[in-house]
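In the numbering used here, the protein residues as written are 1 to 358. Take a look at the structure below.
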Amino acid sequence: MLFQIHPGTDVFESGCSRPRTFGTSIPESDAPHVTQGSPLSSNSNVVRDTSEAKEPLPQPSEPGPVPTRAFTKDLRDHPAYRADVDGLRALAIIPVLLFHAFPTVVPGGFVGVDIFFVISGFLISSIIFRGLQRERFSFAGFYANRIKRIFPALLLVLGVCAVFGWFSLLPDEYAQLGKHILGGAGYVENLVLRREAGYFDTSSFLKPLMHLWSLGIEEQFYLTYPLLLWAVWRLRGNLLAVIVPLVLISFSLNVWQVRTDAVSSFFLPQTRFWELWIGGALAYLDIFRPDVGRRFTGSWADFASRVPVQKQTSPSGAIVPNILSIVGMVLIGGRCCGCANRRFRDGGRCFPFVAPRY
1 MLFQIHPGTD
11 VFESGCSRPR
21 TFGTSIPESD
31 APHVTQGSPL
41 SSNSNVVRDT
51 SEAKEPLPQP
61 SEPGPVPTRA
71 FTKDLRDHPA
81 YRADVDGLRA
91 LAIIPVLLFH
101 AFPTVVPGGF
111 VGVDIFFVIS
121 GFLISSIIFR
131 GLQRERFSFA
141 GFYANRIKRI
151 FPALLLVLGV
161 CAVFGWFSLL
171 PDEYAQLGKH
181 ILGGAGYVEN
191 LVLRREAGYF
201 DTSSFLKPLM
211 HLWSLGIEEQ
221 FYLTYPLLLW
231 AVWRLRGNLL
241 AVIVPLVLIS
251 FSLNVWQVRT
261 DAVSSFFLPQ
271 TRFWELWIGG
281 ALAYLDIFRP
291 DVGRRFTGSW
301 ADFASRVPVQ
311 KQTSPSGAIV
321 PNILSIVGMV
331 LIGGRCCGCA
341 NRRFRDGGRC
351 FPFVAPRY
């Protein structure tokens with residue numbers, strides 16, 4: 001019998017019907033025999049046997065590295081979130097706010113600025129050290145991140161002050177405000193304030209952008225510090241051996257100038273960089289020499305682990321850092337509130353205290 005298949009169906013004229021199933025094969029016992037030249041040989045509706053070997057489909061190749069911008073690479077070297085650093089930031093900003101609100105109650109609240117400098121030096125140095133260690137540091141990425149982080153808030157503050165001053169200040173006062181706006185935008189506000197200091201200077205309470213002096217010192221620090229570390233790293237020098245002498249030189253200059261010209265010592269970068277370099281030294285020990293911290297706390301941790309306690313709420317290795325943190329908080333509190341003595345006030349600013357890692 002000649003089997004015929006009508007177009008669009010899988011029903012054979014012999015009365016044997018089968019639902020169309022695409023992608024499956026018909027057993028050889030049930031499939032019609034097709035000879036060369038028969039009508040079925042050219043029929044496109046014949047269900048072909050799929051059991052024949054097929055060429056394997058090419059597997060998609062693994063995607064290559066996605067090109068990233070320089071500042072994106074720099075972000076990968078940023079340190080992870082640390083609660084202890086956030087706590088130190090709170091300890092730094094609260095005394096400054098209390099000093100501005102109640103200067104007689106917290107006369108030494110400005111020590112918070114010193115703490116901020118140490119924190120800034122620690123974080124920036126950590127980013128640079130990790131970038132150099134992984135061969136990914138780039139100046140373009142570093143400065144692009146600084147601009148993206150600082151400029152949006154800075155431009156907002158400068159713009160609001162400019163608009164407010166246009167409607168509320170006299171022409172001479174607005175001209176002075178414009179000078180400070182340019183100084184803040186160019187990161188030289190500390191130098192502008194230093195030149196204005198004197199007997200006929202306007203009160204600091206009437207300078208809305210005076211707080212930008214610390215930002216100016218930080219940005220001036222960033223202009224030379226990354227280049228210095230990069231050069232020492234390329235020459236295979238010891239980074240700590242370079243940072244420590246710089247700390248001693250800047251600190252000695254600060255101690256000498258704070259007694260001869262306190263205003264210059266307050267505003268000039270060379271007498272402030274030692275605080276940022278201290279943060280850099282701490283970052284070096286944290287990244288390249290973590291064994292130093294372990295050796296410092298190791299014997300205390302072993303002793304604490306032998307103390308019989310029913311329920312230990314924290315690891316024994318955290319006891320010593322926590323004790324040092326409490327001592328640091330007490331020293332900071334005493335520095336903020338115990339500054340009535342002139343002698344203590346002159347020398348006390350030279351020793352900002354940083355609580356260690358929790």
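We put the CB at the ideal spot given by N, CA and C, even for glycine.
Check: Hey, out of 263, 102, 271 and 243, whose CA is closest to residue 122's CA?
Finding: 243
Next item on the list: Count the other CB atoms, across all protein chains shown, that sit within 10 Å of the CB of residue 92; report buried if there are 16 or more and exposed otherwise.
Entry: buried
Next item on the list: Could you have a look at residue 250 and say whether DSSP puts it in helix, strand or coil?
Entry: Correct three-state label for residue 250: helix.
Next item on the list: With residue 261 as the anchor, note down where its alpha helix (DSSP H) starts and where it stops.
Entry: Unbroken run through residue 261: none, as it is neither H nor E.
Note to self: Looking at the secondary structure, which residues open and close the alpha helix (DSSP H) in which residue 145 lies?
What the structure shows: 139-168
Notebook entry, point to check: Which residues mark the beginning and the end of the alpha helix (DSSP H) in which residue 195 is found?
Noted result: 189-196
Next item on the list: Return the Cβ separation of residue 125 and residue 222 in integer angstroms, given the expectation that the two are a contact with Cβ distance under 8 Å.
Entry: The pair is not a contact, with the Cβ atoms about 11 Å apart (cut-off 8 Å).
Note to self: Considering only the alpha carbon of each residue, which of 88, 217 and 112 lies closest to residue 99?
What the structure shows: 112
Check: So, is the C-beta of residue 82 closer than 9 Å to a C-beta in chain C?
Finding: Protein chain content of the structure displayed is limited to a single chain, and chain C is not contained in it.
Item checked: Length at least 4, wholly inside the region 83-140: the alpha helix (DSSP H) runs in chain order -> Runs of the alpha helix (DSSP H) inside the region 83-140: 83-101 and 111-133.
Next item on the list: Could you give the DSSP three-state label for residue 238: helix, strand or coil?
Entry: Residue state, collapsed to three classes: coil.
Next item on the list: Can you say whether residue 103 is buried or exposed, counting buried as having 16 or more other CB atoms within 10 angstroms of its CB?
Entry: Exposed is the call here.
Check: When you compare each of 190, 177, 207 and 162 to residue 220 by their alpha carbons, which one comes out closest?
Finding: 190
Next item on the list: Could you tell me the distance, in whole angstroms, from the CA atom of residue 264 to the CA atom of residue 201?
Entry: 15 Å
Item checked: Cα-Cα separation between residue 255 and residue 183, rounded to whole angstroms -> Each residue's alpha carbon lies about 27 Å from the other.
Margin query: In this structure, how does DSSP classify residue 279 when only helix, strand and coil are distinguished?
Written below: In the three-state reduction of the DSSP assignment, residue 279 falls in the helix class.
Notebook entry, point to check: When we look at the beta-carbon of residue 86 and count the other beta-carbons within 10 Å, is it buried (16 or more) or exposed?
Noted result: exposed
Margin query: Since residue 275 and residue 117 should fall inside the 8 Å C-beta cutoff, what is the C-beta to C-beta distance between them, to a whole number of angstroms?
Written below: A Cβ-Cβ distance of about 4 Å is found for the pair residue 275 and residue 117, placing them in contact under the 8 Å criterion.
Item checked: C-beta contact flag for residue 127 and residue 142 at 9 Å -> yes
Item checked: Three-state secondary structure assigned by DSSP to residue 290 -> helix
Item checked: Best match in 156, 261, 88 and 109 for proximity to residue 328 [C-alpha to C-alpha] -> 88
Item checked: Cα-Cα separation between residue 251 and residue 90, rounded to whole angstroms -> Taking the straight line joining both Cα atoms gives about 25 Å.
Note to self: Measuring alpha carbon to alpha carbon, tell me which residue in 206, 129 and 278 is nearest residue 232.
What the structure shows: 129
Next item on the list: Could you work out which residue in 173, 168, 162 and 241 is closest to residue 181 when comparing CA atoms only?
Entry: 162
Notebook entry, point to check: According to the neighbour-count rule (16 or more other Cβ atoms, all chains shown, within 10 Å of its Cβ), is residue 156 buried or exposed?
Noted result: With fewer than 16 Cβ atoms within 10 Å of its Cβ, residue 156 is classed as exposed.
Note to self: How far does the alpha helix (DSSP H) with residue 172 in it extend, from its first residue to its last?
What the structure shows: 171-185
Next item on the list: Write down the C-beta distance between residue 188 and residue 216 rounded to the nearest angstrom, noting that I regard them as a contact closer than 8 Å.
Entry: 6 Å
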